[in-house]
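Enquirer: Protein chains in written order, with the UniProt record's numbering: chain A, 1 to 410; chain B, 1 to 420.
This is the structure I have questions about; it appears just below.
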């Protein structure tokens with residue numbers, strides 16, 4: 001058959017480094033130890049350490065399969081209309097004036113990543129400022145998404161290693177120094193990777209500062225409902241900015257809060273000053289999407305729309321969602337208690353102060369490596385642990401590992 | 001709650017800066033020429049309306065079809081254990097099955113692990129990732145695109161910032177292939193140019209090179225050291241036989257070309273809205289394939305992180321089960337045969353109406369589309385006078401032709417073309 005007939009034009013392509021986050025699971029899977037713990041990638045796990053498909057999602061999926069009148073035609077470029085409307089209501093609130101005034105354009109995208117990318121490409125083409133400020137630290141994929149879309153990436157101070165909390169003054173100073181009109185990425189709730197969120201009062205100050213400098217907010221909302229257990233509460237930062245009548249972008253993901261990870265369900269909303277502008281903006285979003293993948297996948301969005309539009313299923317969802325959030329919160333408490341019980345040196349209160357899927361432990365790379373080697377605990381080298389990967393059974397192992405790490409490794 | 005106090009109490013309307021939108025200078029974008037046709041069709045209240053615009057299969061009643069093999073696969077999948085993220089490169093099982101379709105069941109390239117491949121967002125996504133890959137690793141290259149081609153091809157390579165050139169393809173006078181000019185363009189392009197080739201059932205013309213012509217093209221590509229990128233969106237759908245429809249690719253592989261290939265399950269498995277496809281790049285050896293795949297994944301990560309799982313599960317369920325695969329092959333042939341029958345019927349109807357023009361091309365062309373040769377003005381008349389919807393380049397989606405409407409369609413085409 002075919003043999004190499006000369007040099008490949010791609011002969012100089014070198015192998016790309018492993019994605020640091022996904023690489024953790026690769027390493028975990030390779031470890032033969034019977035007692036190991038994967039606290040790497042942020043996907044929810046039950047008390048038994050198993051992935052979870054929500055009951056309400058199963059039911060919705062079964063309904064769709066049983067409906068033989070359903071077809072698999074292409075969705076419009078902007079995706080499933082019903083899904084888009086319901087997603088906007090979810091994040092902005094059912095009574096949002098912005099929605100009622102038709103000032104919001106919402107397009108279905110491939111989860112949070114896809115929403116961010118489409119939004120970034122739109123900004124690179126149509127917005128006068130091409131610098132985006134991202135918090136330090138942030139999800140590893142953020143800078144890649146914005147850079148490849150043609151934006152230039154700068155950072156603003158966010159996490160304070162000393163307090164393991166928010167460096168609020170640093171944040172304000174850096175945003176104040178940003179050029180007027182610059183784009184600012186904000187994590188709507190449950191900051192990834194630190195779990196550190198501004199308080200409502202701090203959000204209000206951020207809002208005032210940003211509006212006074214004409215900074216454009218770009219929200220990444222990947223954990224609505226998953227952080228506090230309340231969908232409305234987790235949307236407050238976004239709603240605060242929309243209430244003042246200004247414009248913003250919001251990327252929504254249903255990966256975690258509906259457990260739809262692999263179905264890639266999300267939405268990008270752009271809140272505009274007027275309905276006329278929203279229509280024009282939507283038409284331009286289509287030009288970004290069409291040469292990228294033509295139109296979004298139908299399956300996940302159909303499931304989400306089925307749930308959101310049925311009040312019983314919606315209520316069921318909120319109960320299952322709260323259960324996931326509550327389990328995570330209880331894991332935080334358990335881990336904190338376990339460290340207190342061991343007399344582990346240091347202040348570990350940040351574990352219960354931080355919120356959402358992740359805890360930024362404050363452990364350094366050497367301590368992390370120690371925990372991996374001696375205790376088979378897998379986590380990213382920045383000290384981030386996925387609380388969703390913990391259970392009552394495994395908390396003691398982790399507490400022992402942390403105790404040993406901070407006692408023996410500096 | 002604290003937030004509510006703040007919103008109700010302190011927040012006023014934005015007054016610190018201008019009240020106008022950041023987007024006030026955003027122009028309304030032109031409607032997509034292809035998808036805009038269906039929108040117009042849907043808005044038309046006429047009972048006689050016919051949609052031969054967008055390329056999605058319809059049965060003889062004009063209804064969309066979900067294949068039986070797909071429905072069965074979905075019954076098995078529902079209640080699946082998890083919806084976890086796929087790897088960045090997608091479902092390995094689905095990619096493996098998909099490579100076998102394009103490269104052959106017993107392909108040495110597959111055995112030797114020389115193909116870098118990832119699951120993609122249908123054909124569009126495969127082309128886009130390849131275009132970005134081409135831009136990143138062959139930054140001085142351009143892409144040669146046939147005239148005409150699927151309109152979105154131009155958008156894809158443009159958005160990936162790869163400069164475009166064109167090569168002759170369609171011959172309007174004969175409504176066939178302009179082979180001589182095409183070969184001239186291949187010869188005069190700088191050595192090592194990248195070419196976009198439609199593996200079968202060229203969109204929008206339905207005009208494919210013959211096997212002999214493909215061999216000549218492949219030979220000339222060797223002489224010039226060109227890079228062949230195949231867009232294969234209709235494997236199985238063109239002739240009814242997937243092996244036959246992959247002939248162009250197999251010829252190139254026999255000649256030792258290191259090809260790139262975009263595959264789509266939108267049409268041949270009817271999975272349109274599921275967005276399932278595959279991008280593959282043939283490499284010199286396994287090590288290179290590992291490197292190339294890792295780089296393809298690096299382009300997927302900032303676009304969508306990892307591809308959707310449902311459609312891939314359907315494909316791997318169907319192709320992984322011998323009985324379901326047999327059923328699929330039967331259903332694909334059924335679709336292709338209906339289209340071939342519709343071509344024959346349309347041509348016969350036009351000839352029976354006494355049209356003085358030649359309509360041979362309707363049956364010479366292959367696949368979903370027929371390039372009728374109608375002018376934009378004639379197309380407008382078809383729409384305005386007869387409520388027949390198609391793209392203004394005269395492209396007819398044969399899948400929209402049924403025994404019920406073929407007479408009406410032939411009559412209308414005859415009416416607008418008889419004075420030509």
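Note that beta-carbon positions come from the ideal geometry of N, C-alpha and C, so glycine has one too.
The model shown is predicted, which means the values in this text are computed figures rather than measured ones.
Where does residue 162 of chain A land, buried or exposed, given buried means 16+ other C-beta within 10 angstroms?
Expert: The residue given as residue 162 of chain A occupies position 162 in the first chain. Burial call: exposed.
Enquirer: Just list the residues that DSSP pairs residue 352 of chain A with in beta bridges.
Expert: If you number the first chain from 1, residue 352 of chain A lands on position 352. None; residue 352 of chain A has no bridge partner.
Enquirer: Measuring only the C-alpha atoms, how far is residue 388 of chain B from residue 409 of chain B?
Expert: For the purposes of this step, residue 388 of chain B is identified with residue 388 of the second chain, where counting begins at 1. For the purposes of this step, residue 409 of chain B is identified with residue 409 of the second chain, where counting begins at 1. Cα to Cα, the separation comes out at about 8 Å.
Enquirer: To the nearest angstrom, how far is the alpha carbon of residue 315 of chain B from that of residue 235 of chain B?
Expert: In the second chain, the residue the question calls residue 315 of chain B occupies position 315. In the second chain, the residue the question calls residue 235 of chain B occupies position 235. Their backbone Cα atoms lie some 14 Å apart in a straight line.
Enquirer: Under 7 Å between C-beta atoms, does residue 133 of chain A make it to chain B?
Expert: Within the first chain, residue 133 of chain A is the residue found at index 133, counting from 1. False, the Cβ-Cβ gap to chain B never drops below 7 Å.
Enquirer: What does the alpha-carbon distance come out to for the pair residue 50 of chain A and residue 43 of chain A?
Expert: Locating residue 50 of chain A in the first chain gives position 50, where the first residue counts as 1. Locating residue 43 of chain A in the first chain gives position 43, where the first residue counts as 1. Whole-angstrom Cα-Cα distance: 10 Å.
Enquirer: Where DSSP assigns a beta bridge to residue 38 of chain A, which residues make up the other side?
Expert: Your numbering for residue 38 of chain A matches position 38 in the first chain. DSSP, once it has assigned bridges, lists A:378 as partnering residue 38 of chain A.
Enquirer: Across which residues does DSSP place residue 232 of chain B in a beta bridge pair?
Expert: Translated into the one-based positions of the second chain, residue 232 of chain B becomes position 232. DSSP lists B:263 as partners of residue 232 of chain B.
Enquirer: Are three or more beta carbon pairs between the region 91-105 of chain A and the region 115-126 of chain A nearer than 8 Å?
Expert: With the cut-off at 8 Å, the region 91-105 of chain A and the region 115-126 of chain A do not touch.
Enquirer: Compare the C-beta of residue 261 of chain A with all C-beta atoms of chain B and state if any pair is closer than 7 Å.
Expert: Along the first chain, one-based indexing puts residue 261 of chain A at 261. Chain B, which has a Cβ nearer than 7 Å to the Cβ of residue 261 of chain A, makes this yes.
Enquirer: Using a Cβ-Cβ cutoff of less than 7 Å, which residues in the same chain neighbour residue 406 of chain A once the five nearest sequence positions on both sides are dropped?
Expert: Residue numbering aside, residue 406 of chain A sits at position 406 when the first chain is read from its first letter. Excluding positions up to five away in sequence, the list reads 344, 345, 346 and 367.
Enquirer: Using a C-beta cutoff of 7 Å, does residue 144 of chain A count as contacting chain B?
Expert: Against the first chain, residue 144 of chain A aligns to sequence position 144. Answer yes: the Cβ-Cβ gap between residue 144 of chain A and chain B drops below 7 Å somewhere.
Enquirer: Out of B:134, B:222, B:202 and B:207, point me to the one whose CA is closest to residue 189 of chain B's CA.
Expert: Taking the first residue of the second chain as 1, we reach residue 189 of chain B at position 189. For residue 189 of chain B, the nearest C-alpha among the options comes from B:222.
Enquirer: Which same chain residues, not among the five before or five after residue 15 of chain A, have their C-beta less than 7 Å away from its C-beta?
Expert: In the first chain, residue 15 of chain A corresponds to position 15, counting from 1. Excluding sequence neighbours, residue 15 of chain A sits near nothing in its chain.
Enquirer: Applying the 10 Å Cβ sphere with the 16-neighbour rule, what's the burial state of residue 296 of chain A?
Expert: As a working note, residue 296 of chain A is residue 296 in the first chain. By the neighbour-count rule (16 or more Cβ atoms within 10 Å), residue 296 of chain A is buried.
Enquirer: Whose Cβ in chain A lies nearer than 9 Å to the Cβ of residue 387 of chain B?
Expert: Against the second chain, residue 387 of chain B aligns to sequence position 387. The premise fails here: residue 387 of chain B is roughly 21 Å from chain A at the closest Cβ pair, so nothing lies under 9 Å.
Enquirer: So if I threshold CB-CB distances at 8 Å, which residues from the region 74-92 of chain A count as touching chain B?
Expert: Taking 8 Å as the Cβ-Cβ cut-off against chain B, the residues of the region 74-92 of chain A that qualify are 74, 75, 76 and 77.
Enquirer: When you compare the region 319-329 of chain A with the region 377-384 of chain A, are there three or more beta-carbon pairs, one atom per stretch, that lie closer than 8 Å?
Expert: No, they do not touch.
Enquirer: Classify residue 167 of chain A as buried or exposed, calling it buried when 16 or more other Cβ atoms lie within 10 Å of its own Cβ.
Expert: Here residue 167 of chain A is taken as the residue at index 167 of the first chain, counted from 1. Classification of residue 167 of chain A: buried, given that the 10 Å Cβ count is 16 or more.
Enquirer: In whole angstroms, what separates the C-alpha of residue 36 of chain B from that of residue 53 of chain B?
Expert: Start at 1 with the first residue of the second chain, and residue 36 of chain B comes out as number 36. Start at 1 with the first residue of the second chain, and residue 53 of chain B comes out as number 53. Cα-Cα distance, rounded: 9 Å.
Enquirer: Name, please, each residue of chain B whose Cβ falls closer than 8 Å to the Cβ of residue 44 of chain A.
Expert: For the purposes of this step, residue 44 of chain A is identified with residue 44 of the first chain, where counting begins at 1. Those within 8 Å of residue 44 of chain A in chain B number zero; the least Cβ separation is about 10 Å.
Enquirer: Kindly indicate the opening and closing residues of the alpha helix (DSSP H) around residue 304 of chain B.
Expert: For the purposes of this step, residue 304 of chain B is taken as the residue at position 304 of the second chain. Here the alpha helix (DSSP H) through residue 304 of chain B covers 286-304.
Enquirer: In terms of residue numbering, what span does the alpha helix (DSSP H) encompassing residue 172 of chain A cover?
Expert: For the purposes of this step, residue 172 of chain A is taken as residue 172 along the first chain, with counting starting at 1. That run of the alpha helix (DSSP H) goes 168-177.
Enquirer: Tell me where the alpha helix (DSSP H) around residue 380 of chain B begins and ends.
Expert: For the purposes of this step, residue 380 of chain B is taken as residue 380 along the second chain, with counting starting at 1. That run of the alpha helix (DSSP H) goes 376-386.
Enquirer: Which of the three DSSP states, helix, strand or coil, is assigned to residue 365 of chain B?
Expert: For the purposes of this step, residue 365 of chain B is taken as residue 365 along the second chain, with counting starting at 1. In this structure, residue 365 of chain B counts as coil in the three-state DSSP scheme.
Enquirer: Which of the three DSSP states is assigned to residue 198 of chain B in this structure?
Expert: As a first step, residue 198 of chain B must be located in the second chain, where it is residue number 198. The answer is strand: DSSP assigns residue 198 of chain B an E or B state.
Enquirer: Which runs of the alpha helix (DSSP H), 4 residues or longer, sit entirely within the region 144-187 of chain B?
Expert: Entirely contained in the region 144-187 of chain B, the alpha helix (DSSP H) runs reaching 4 residues are, in chain order, 151-159.
Enquirer: Would the region 164-183 of chain A count as touching the region 208-220 of chain A if we require 3 or more Cβ pairs under 8 Å?
Expert: Taking 8 Å as the limit for Cβ pairs, the verdict is that the region 208-220 of chain A does touch the region 164-183 of chain A.
Enquirer: Ordered along the chain, which non-local residues of its own chain (more than five positions away) have a Cβ less than 7 Å from that of residue 266 of chain A?
Expert: In the first chain, the residue the question calls residue 266 of chain A occupies position 266. Closer than 7 Å at the Cβ level, and outside the excluded window around residue 266 of chain A, lie 109, 110, 111, 112, 114, 115, 251, 252, 253 and 254.
Enquirer: Hey, how far is the Cα of residue 275 of chain A from the Cα of residue 104 of chain A?
Expert: Looking up residue 275 of chain A in the first chain gives position 275. Looking up residue 104 of chain A in the first chain gives position 104. Approximately 7 Å, taken between the alpha carbons.
Enquirer: For residue 29 of chain B and chain A, any beta-carbon pair shorter than 7 Å?
Expert: Within the second chain, the letter at position 29 stands for residue 29 of chain B. With 7 Å as the cut-off, residue 29 of chain B counts as an interface residue toward chain A.
Enquirer: Taking one C-beta from the region 90-97 of chain B and one from the region 118-132 of chain B each time, how about it: are there three or more such pairs within less than 8 Å?
Expert: Touching, yes, given that three or more Cβ pairs across the two stretches are closer than 8 Å.
Enquirer: State the DSSP-derived secondary structure class of residue 337 of chain B, mapped to helix, strand or coil.
Expert: Along the second chain, one-based indexing puts residue 337 of chain B at 337. Three-state DSSP puts residue 337 of chain B in a helix.
Enquirer: Identify every residue that forms a DSSP beta bridge with residue 395 of chain B.
Expert: Here residue 395 of chain B refers to the residue found at position 395 when the second chain is read from its first residue. Looking at the DSSP assignment, residue 395 of chain B forms a beta bridge with B:371.
Enquirer: Residue 309 of chain B by DSSP, collapsed to three states: which one?
Expert: Here residue 309 of chain B corresponds to residue number 309 of the second chain, with the count starting at 1. Three-state DSSP puts residue 309 of chain B in a helix.
Enquirer: Could you round the C-beta distance between residue 110 of chain B and residue 99 of chain B to whole angstroms and report it? I think they count as a contact, below 8 Å.
Expert: Your numbering for residue 110 of chain B matches position 110 in the second chain. Your numbering for residue 99 of chain B matches position 99 in the second chain. Between residue 99 of chain B and residue 110 of chain B the Cβ distance is about 6 Å, and since that is below 8 Å, they are a contact.
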